[in-house]
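In what follows, a structure is listed as structure tokens, so that the remarks can point back to it.
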Amino acid sequence: MSTIGSPPPTPVSATQSNVILVTGGSGLVGSALRYVVEHETADSTYGKRKGEEWIFLSSSECDLRDIQQTRKVFNKYRPKEVIHLAARVGGLFANMSSQQTFLRDNLLMNDSVLQVSHEIRVKKVVSCLSTCVFPDQVTYPLTEEKIHLGQPHSSNFGYSHAKRLIDIQNHAYHDQFGDQFTSVIPTNVFGPGDNYNLQSAHVIPGLIHKCYLAKKNQTPFVVFGSGKPLRQFIYSRDLAKLFIWVLREYKEIDPIILSVAEEDEVPIKEVANAIIEAMNFRGPVEYDTSKADGQYRKPASNSKLTKLMKESGTKHFEFTPFKTALEESVEWFLESYDNGARI
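Under this note's numbering, read the sequence shown as residues 1 to 343, first letter to last.
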């Protein structure tokens, strides 16, 4: 049964290769997925399999806020599976100043991708949520069933509600049509290819860029806030491998948290010190406590992920050590910056 006012579903050719379309394909996680697919061997858990064709879609090819453009590009590639990463994202201060923009842009993108995936009978869609979807007032650790138990933090309520609604949409499509739409909830992601723009970057890329400029200009390295908040960080290339596992092995509609363990929380001050070491920065460091810290901590449990990976027969997953991942991210930033990349 098709939706009124939209074209009917078109069957996918039985002879077509398994096209996996990644929206947001040029972003942080999309770039990491491309790296993993290209560097893992075909016989590994995360390598490109025979018959797979991976398409990494960027915003320059399609504005996913426009459902007609989305239909056109999906009909061009005819994906059998979709990893939906495209989103308007930003750091704490970008979110606080643009709630409506973050809400509307993400609502439109998510609606277009899921509706068109339904229309052309995509076999599976894995969308990306965020720990921002969880209530501000909630018992820790965060677990998957706590998403809808209260209001998200006021600092990014627009983005959070748009992301939270994906879970509602997934269940609605599954309940009415049987669509296999699901979602994942990563903790704080960082790595090569991140957004290092000082006005919209998340904490790690923002601090890397600020430390670089402080060293270059021989000025103090200023860290916003007290440095006390704790966060679970996940390296983008580790997350990419877990996305591939979810695409191939995860059977539920309910979301699943993709994260390092709770005990691996890192204080922002420790992050700053690791960046200082990786950058070989020798100047003064200042903490601007007039700037908001945001939530002090929001530890998430990865027990569901650990349990299901074990049950699926996947060998123990090894996360990249934080300092190693940070050093690789700094190295990528320095190479890209020196080569004239717009960061």
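Ideal Cβ positions, reconstructed from N, Cα and C, are used throughout, including at glycine.
Cβ-based neighbour list, residue i, same chain, cut-off 8 Å, excluding 5 preceding and 5 following
i, result
"PRO229", "PRO267, ILE268, ASP293, GLY294, GLN295, TYR296 and ARG297"
"LYS146", "PHE134, PRO135, VAL138 and THR139"
"GLY5", "Caution applies to GLY5, whose pLDDT of 40 falls short of 50 and renders its modelled position unreliable; the value that the coordinates give is listed next. Closer than 8 Å at the Cβ level, and outside the excluded window around GLY5, lies no residue."
"HIS174", "GLN180, PHE181 and ILE253"
"GLN100", "GLY158"
"GLY348", "Residue 348 is absent from the structure shown; the chain starts at 1 and stops at 343."
"MET55", "Sequence inspection shows Ile at residue 55; the Met mentioned does not correspond to that position. So the qualifying residues of the chain are VAL19, ILE20, LEU21, VAL22, GLY25, TYR77 and PRO79."
Spatial distance of residue i from residue j (CA atoms)
i, j, result
"PHE233", "LEU114", "28 Å"
"SER336", "LEU326", "15 Å"
"LEU85", "TYR235", "16 Å"
"PHE221", "ILE276", "9 Å"
"THR15", "ASN75", "Low per-residue confidence applies at THR15: pLDDT is 44, beneath 50, and the placement is therefore not dependable, though the value from the model is reported in the following sentence. Near 16 Å, if we compare the C-alpha coordinates of ASN75 and THR15."
"GLY283", "PHE322", "23 Å"
"GLY178", "HIS118", "10 Å"
"GLY313", "VAL184", "20 Å"
"VAL12", "TYR77", "In this prediction, VAL12 has a pLDDT of 44, which is less than 50 and means its spatial position is unreliable; nothing more can be read from the coordinates."
"HIS153", "SER329", "29 Å"
"GLY206", "ASN280", "17 Å"
"LYS216", "SER155", "32 Å"
"ARG164", "PRO255", "10 Å"
"GLU53", "ASN302", "30 Å"
"SER17", "GLU249", "19 Å"
"ALA390", "TYR212", "Residue coverage of the chain in this structure runs from 1 to 343, which leaves residue 390 outside it and unanswerable."
"GLU270", "GLY227", "8 Å"
"VAL246", "MET309", "9 Å"
"LYS259", "PHE190", "Checking the sequence, you will find Ser at residue 259 rather than Lys. Cα-Cα distance, rounded: 12 Å."
"SER160", "ARG104", "11 Å"
"LYS251", "ARG231", "28 Å"
"ASP288", "ALA201", "17 Å"
Whether residue i touches residue j by CB criterion (8 Å)
i, j, result
"THR45", "THR131", "no"
"LYS72", "VAL122", "no"
"LEU21", "VAL89", "no"
"GLU354", "PRO299", "Residue numbering for the chain in the displayed model covers 1 to 343; residue 354 lies beyond these limits and cannot be assessed."
"PRO135", "GLU262", "no"
"ILE257", "HIS171", "no"
"ILE244", "VAL19", "no"
"ILE208", "PHE317", "no"
"ARG350", "ALA42", "There is simply no residue 350 to check, as the chain begins at 1 and stops at 343 in what is shown."
"ASP238", "THR320", "yes"
"GLU144", "LYS304", "yes"
"ALA162", "ASN106", "yes"
"ILE67", "VAL116", "yes"
"PHE102", "GLY158", "yes"
"ASP167", "LEU198", "no"
"MET109", "LEU57", "no"
"SER112", "THR70", "yes"
Residue i CB to nearest heavy atom of the ligand ZN below 7 Å
i, result
"LEU108", "No copy of the ligand ZN occurs in the structure displayed, which carries no ligand at all."
Neighbourhood of residue i by C-beta distance below 6 Å, restricted to the same chain and skipping five residues each side
i, result
"ASP338", "none"
"LYS291", "PHE224 and GLY225"
"ASN24", "In the sequence under discussion, the amino acid at residue 24 is Gly, which differs from the Asn named in the question. Excluding residues within five positions, the ones whose Cβ falls inside 6 Å are GLY30, LEU85 and ALA86."
"SER98", "none"
"VAL285", "PHE221"
Cut-off 7 Å between Cβ atoms - residues of its own chain near residue i, not counting five sequence neighbours on either side
i, result
"LYS241", "VAL36 and TYR46"
Short CB-CB distance (under 8 Å) between residue i and chain C
i, result
"TYR35", "No chain C appears in the structure shown, which is made up of a single protein chain."
For the pair the stretch 185-205 and the stretch 26-39, tell me if three or more CB-CB distances fall below 8 Å. In this structure the stretch 185-205 lies against the stretch 26-39, because at least three pairs of beta carbons, one per stretch, are closer than 8 Å.
Just list the beta strand (DSSP E) runs in the stretch 20-84, keeping only unbroken ones of 3 residues or longer that don't cross its boundaries, in chain order. Segments of the beta strand (DSSP E) lying fully in the stretch 20-84: 52-56 and 81-84.
Of all the alpha helix (DSSP H) runs that stay within the bounds of the stretch 215-263, which reach a length of 4 or more residues? The stretch 215-263 contains these whole alpha helix (DSSP H) runs: 236-249.
Within the stretch 132-186, ranges of the beta strand (DSSP E) (whole runs, at least 3 residues): Counting only runs of 3 or more, we get 181-186.
What are the start and end residues of each continuous alpha helix (DSSP H) run of 4 or more residues lying completely inside the stretch 273-307, in chain order? Qualifying alpha helix (DSSP H) stretches: none in this window.
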